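Engineer: Okay, handing you the structure first.
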Amino acid sequence: MAELAALCTANAILLTIIIVCDSVLFKKWHLSSPFAVHLFCVLQVLAKCENQIPGFSELLEDFPETDEPAWILGKCYHLKTEKLELLSDVKSRLWFTYRKKFSPIGGTGPSSDSGWGCMLRCGQMILAQALICRRLGRDWRWEKGKWQPEDYHRILQCFLDRKDSCYSIHQMAQMGVGEGKSVGEWYGPNTVAQVLKKLTLFDEWNTLAVYISMDNTVVVEDIKKLCKSLYGGELSKSQGPPHHDEWKPLLLIIPLRMGINHINPVYINTLKECFKMPQSLGVLGGKPNNAYYFIGFIGDELIYLDPHSTQAAVDTEEDGSVDDHSYHCQRVPHRMKITQLDPSVALGFFCYTEKDFESWCSLVQKEILRTRSFRMFELVEKHPSHWPPFVPATKPEVHTTGAEFIEPADKLFESEEEFEILNI
4 MAELAALCTA
14 NAILLTIIIV
24 CDSVLFKKWH
34 LSSPFAVHLF
44 CVLQVLAKCE
54 NQIPGFSELL
64 EDFPETDEPA
74 WILGKCYHLK
84 TEKLELLSDV
94 KSRLWFTYRK
104 KFSPIGGTGP
114 SSDSGWGCML
124 RCGQMILAQA
134 LICRRLGRDW
144 RWEKGKWQPE
154 DYHRILQCFL
164 DRKDSCYSIH
174 QMAQMGVGEG
184 KSVGEWYGPN
194 TVAQVLKKLT
204 LFDEWNTLAV
214 YISMDNTVVV
224 EDIKKLCKSL
234 YGGELSKSQG
244 PPHHDEWKPL
254 LLIIPLRMGI
264 NHINPVYINT
274 LKECFKMPQS
284 LGVLGGKPNN
294 AYYFIGFIGD
304 ELIYLDPHST
314 QAAVDTEEDG
324 SVDDHSYHCQ
334 RVPHRMKITQ
344 LDPSVALGFF
354 CYTEKDFESW
364 CSLVQKEILR
374 TRSFRMFELV
384 EKHPSHWPPF
394 VPATKPEVHT
404 TGAEFIEPAD
414 KLFESEEEFE
424 ILNI
């Protein structure tokens with residue numbers, strides 16, 4: 004079926020170009036010519052197979068034919084020549100949706116997150132993208148049924164819907180209790196960011212440094228202190244004194260409110276610039292009570308992955324592998340007008356090395372801070388003197404199993420719940 008889909012797609016694109024661009028010549032072809040016979044056979048195959056190939060119609064029609072480039076997480080695509088490459092990129096992102104029939108959260112809680120877990124799923128997606136960049140690189144691509152490296156399967160297992168997975172819906176929902184959210188309650192972008200920050204402290208495989216900005220301000224000094232701080236867990240204990248030239252890969256999250264009830268148009272171009280940055284992980288946001296994971300834009304439309312599909316929970320096979328086809332969106336992604344975006348968002352960036360972070364700072368200075376007014380956020384070198392001292396979070400000493408660490412740990416953290424509304 005894969006080969007047939009490829010053949011149909013190639014023929015369909017060729018025929019579309021010929022028929023649209025030279026319909027007069029097409030009418031003059033002799034119906035008994037070899038080309039006409041081949042054309043007739045191809046059209047018959049297409050007619051039979053169109054409904055059997057996921058996304059076939061959308062592939063040809065849904066994305067607009069435009070000279071404007073599309074941007075996906077720092078990658079630029081020209082739709083007239085790179086539509087298939089764009090779709091491959093989108094398909095390769097891990098897609099987390101509502102699930103059902105998993106073990107009850109907390110033992111007696113819900114066994115589905117349908118209707119309330121969409122922002123948690125978006126949080127999983129932005130974190131998964133950081134882990135993919137960390138372990139596989141931004142240029143890694145997924146193909147259905149093809150071999151994937153062990154690190155890919157290990158990343159996926161971190162998000163399975165069971166209590167012993169590091170970033171499962173179970174762990175996120177229960178950690179949210181420490182943020183004042185009951186299990187089953189809807190989350191905003193900032194709350195999800197705080198939950199991710201806490202959970203990563205227990206992930207000794209990826210050792211991410213998570214920085215969440217305060218008051219729309221990113222402090223370079225604090226980030227360097229965080230990323231060069233002593234690694235948690237057994238690794239640091241066994242290696243003696245900390246190596247301050249080490250750099251923990253950075254997950255940078257910037258919660259913002261770009262308006263009161265609607266996004267202020269003055270921030271739209273700046274938001275687009277964020278998607279162009281090579282360090283971009285996308286944006287958590289959506290519409291009121293509907294969360295989406297925004298991964299790019301084309302023209303005045305945002306491109307996003309939608310978590311609002313309910314699928315059955317998936318577990319590991321006997322050999323430890325995961326049936327992963329439902330974790331990749333194998334259809335054309337959704338789009339919406341940027342002006343429809345709820346003003347409450349969280350920007351995500353990943354800096355694998357200190358050089359990546361310095362490059363990001365340069366881009367921010369050039370594209371975000373080039374004007375004194377209507378800045379989306381601020382980037383400062385030194386820790387503001389009127390702020391409390393910055394102390395990197397460390398993993399609490401909790402003597403429980405990995406599935407139980409949440410309840411005793413959730414009171415050991417503090418979070419910044421409120422946004423500062425940007426000046427408008």
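Start counting the sequence shown at 4; every next residue gets the next number (the working numbering). From the three backbone atoms N, C-alpha and C, an ideal C-beta is built for every residue, glycine too. As the structure is a computational prediction, the values presented were derived from the model and not from experiment.
Return helix, strand or coil for H246, following the three-state DSSP convention.
Structural biologist: As a working note, residue 246 is residue 243 in the sequence shown. Any answer about H246 is weak, because its pLDDT of 44 lies below 50 and its placement is not dependable; what the coordinates show is given next. Reduced to three states, the DSSP call for H246 is coil.
Engineer: Which one of C230, W363, L211, P67 has the shortest CA to CA distance from E276?
Structural biologist: Reading the sequence shown from its first residue, position 273 is the one you call residue 276. When only C-alpha atoms are compared, the closest one is W363.
Engineer: According to the neighbour-count rule (16 or more other Cβ atoms, all chains shown, within 10 Å of its Cβ), is Q174 buried or exposed?
Structural biologist: Numbered from its first residue, the sequence shown carries residue 174 at position 171. With 16 or more Cβ atoms within 10 Å of its Cβ, Q174 is classed as buried.
Engineer: Please classify K385 as buried or exposed, where buried requires at least 16 other C-beta atoms within 10 Å of its C-beta.
Structural biologist: Here residue 385 corresponds to residue number 382 of the sequence shown, with the count starting at 1. Exposed, by the Cβ-count rule.
Engineer: Leaving aside the five residues before and after P392 along the sequence, list all residues of the same chain whose C-beta is less than 8 Å from its C-beta, in chain order.
Structural biologist: Translated into the one-based positions of the sequence shown, residue 392 becomes position 389. Result list for P392: H386, in chain order.
Engineer: Can you name the start and end residues of the beta strand (DSSP E) that C354 belongs to?
Structural biologist: Along the sequence shown, read from residue 1 onward, the residue named residue 354 stands at position 351. Note, C354: beta strand (DSSP E), 347–354.
Engineer: In angstroms, rounded to a whole number, what distance separates the CA positions of D116 and F300?
Structural biologist: Counting from 1 along the sequence shown, the entry for residue 116 is found at position 113. Counting from 1 along the sequence shown, the entry for residue 300 is found at position 297. Looking at the two C-alpha atoms, the distance is approximately 28 Å.
Engineer: With DSSP collapsed to three states, give me the class of L372.
Structural biologist: Here the question's residue 372 lines up with position 369 in the sequence shown. Coil.
Engineer: Between which two residues does the beta strand (DSSP E) containing S283 stretch?
Structural biologist: Here residue 283 refers to the residue found at position 280 when the sequence shown is read from its first residue. Taken as a continuous stretch (DSSP letters only), the beta strand (DSSP E) holding S283 covers 283–290.
Engineer: Out of K398, V367, K103, point me to the one whose CA is closest to T220's CA.
Structural biologist: For this step, residue 220 is matched to residue 217 along the sequence shown. Among K398, V367, K103, the Cα nearest to that of T220 belongs to V367.
Engineer: Go ahead and pull the three-state DSSP assignment for S329.
Structural biologist: For this step, residue 329 is matched to residue 326 along the sequence shown. Reduced to three states, the DSSP call for S329 is helix.
Engineer: Which residue's Cα is closest to the Cα of K340: P268, S114, L159, H328?
Structural biologist: To locate residue 340, count along the sequence shown from 1; it is residue 337. Looking at the Cα atoms, P268 is the closest of the given residues.
Engineer: Would you mind reading off the limits of the alpha helix (DSSP H) that contains Q151?
Structural biologist: The residue given as residue 151 occupies position 148 in the sequence shown. Counting along the chain, Q151 falls outside any alpha helix (DSSP H), and DSSP gives it neither H nor E.
Engineer: If you follow the beta strand (DSSP E) that Q314 is part of, which residue opens it and which one closes it?
Structural biologist: Residue numbering aside, residue 314 sits at position 311 when the sequence shown is read from its first letter. Element bounds for Q314: 313–315.
Engineer: With 16 other CB atoms within 10 Å as the buried threshold, where does I75 fall?
Structural biologist: Looking up residue 75 in the sequence shown gives position 72. With 16 or more other Cβ atoms within 10 Å, it is buried.
Engineer: At what residue ranges does the segment 173–235 contain a whole run of the alpha helix (DSSP H), taking only runs of 4 or more?
Structural biologist: Counting only runs of 4 or more, we get 192–203, 223–230.
Engineer: Between the segment 189–206 and the segment 353–362, do three or more beta carbon pairs fall short of 8 Å?
Structural biologist: Short answer: they don't touch.
Engineer: Residues in its own chain within less than 8 Å of D65 by CB, not counting five upstream and five downstream?
Structural biologist: For the purposes of this step, residue 65 is taken as residue 62 along the sequence shown, with counting starting at 1. Closer than 8 Å at Cβ, skipping near neighbours: V335.
Engineer: What does the alpha-carbon distance come out to for the pair L372 and N293?
Structural biologist: As a first step, residue 372 must be located in the sequence shown, where it is residue number 369. As a first step, residue 293 must be located in the sequence shown, where it is residue number 290. Going from the Cα of L372 to the Cα of N293 covers about 30 Å.
Engineer: Consult DSSP for G302 and reduce its assignment to one of helix, strand or coil.
Structural biologist: By 1-based counting over the sequence shown, the position of residue 302 is 299. Residue state, collapsed to three classes: coil.
Engineer: What separation, rounded to the nearest whole angstrom, lies between the Cα atoms of I172 and V325?
Structural biologist: Locating residue 172 in the sequence shown gives position 169, where the first residue counts as 1. Locating residue 325 in the sequence shown gives position 322, where the first residue counts as 1. If you take the alpha carbons of I172 and V325, they lie about 17 Å apart.
Engineer: Helix, strand or coil: which one does DSSP assign to W429?
Structural biologist: Since the first residue shown for the chain is 4 and the last is 427, residue 429 is missing from the structure and cannot be characterised.
Engineer: Please return the same chain residues whose Cβ sits closer than 7 Å to the Cβ of R138, not counting the five positions on each side in sequence.
Structural biologist: In the sequence shown, residue 138 corresponds to position 135, counting from 1. Excluding residues within five positions, the ones whose Cβ falls inside 7 Å are D154, I158.
Engineer: Just to confirm the assignment, what range does the beta strand (DSSP E) spanning V383 have?
Structural biologist: For the purposes of this step, residue 383 is identified with residue 380 of the sequence shown, where counting begins at 1. 381–383 is the span of the beta strand (DSSP E), which, as asked, contains V383.
Engineer: Please state whether the Cβ-Cβ distance between L344 and G288 is less than 8 Å.
Structural biologist: Here residue 344 corresponds to residue number 341 of the sequence shown, with the count starting at 1. Here residue 288 corresponds to residue number 285 of the sequence shown, with the count starting at 1. Yes, these two residues count as a Cβ contact at 8 Å.
Engineer: Which one or two residues does DSSP pair with C79 in a beta bridge?
Structural biologist: Position 76 of the sequence shown, counting from 1, holds the residue named residue 79. Looking at the DSSP assignment, C79 forms a beta bridge with W74.
Engineer: Using a threshold of 8 Å, state whether the C-beta atoms of G351 and L259 are closer than that.
Structural biologist: Here the question's residue 351 lines up with position 348 in the sequence shown. Here the question's residue 259 lines up with position 256 in the sequence shown. Contact: no.
Engineer: Assuming V102 contacts A315 (C-beta within less than 8 Å), just tell me the rounded distance between them.
Structural biologist: Numbered from its first residue, the sequence shown carries residue 102 at position 99. Numbered from its first residue, the sequence shown carries residue 315 at position 312. Before going on, a small fix: residue 102 reads as Arg here, not Val. Contact holds; Cβ gap of about 7 Å.
Engineer: By Cβ distance, which residues of its chain are closer than 7 Å to T404, with the 5 residues on each side in sequence left out?
Structural biologist: As a position in the sequence shown, residue 404 is number 401, starting the count at 1. Reliability of the predicted coordinates at T404 is poor, the pLDDT of 36 falling under 50, and no value is obtained from them.
Engineer: Sort out for me which residues DSSP pairs M339 with in a bridge.
Structural biologist: One-based indexing of the sequence shown puts residue 339 at position 336. DSSP, once it has assigned bridges, lists L305 as partnering M339.
Engineer: Going by beta-carbon coordinates alone, are L202 and C230 separated by less than 8 Å?
Structural biologist: Taking the first residue of the sequence shown as position 1, residue 202 is located at position 199. Taking the first residue of the sequence shown as position 1, residue 230 is located at position 227. No; because the gap between Cβ atoms is not below 8 Å, this pair is not in contact.
Engineer: Rounded to a whole number of angstroms, what is the C-alpha to C-alpha distance between G118 and L130?
Structural biologist: Sequence index remark: in the sequence shown, residue 118 carries index 115 (1-based). Sequence index remark: in the sequence shown, residue 130 carries index 127 (1-based). Straight-line Cα distance between these residues: approximately 21 Å.
Engineer: How would you call G179, buried or exposed, if buried means at least 16 neighbouring beta carbons within 10 angstroms?
Structural biologist: By 1-based counting over the sequence shown, the position of residue 179 is 176. With 16 or more other Cβ atoms within 10 Å, it is buried.
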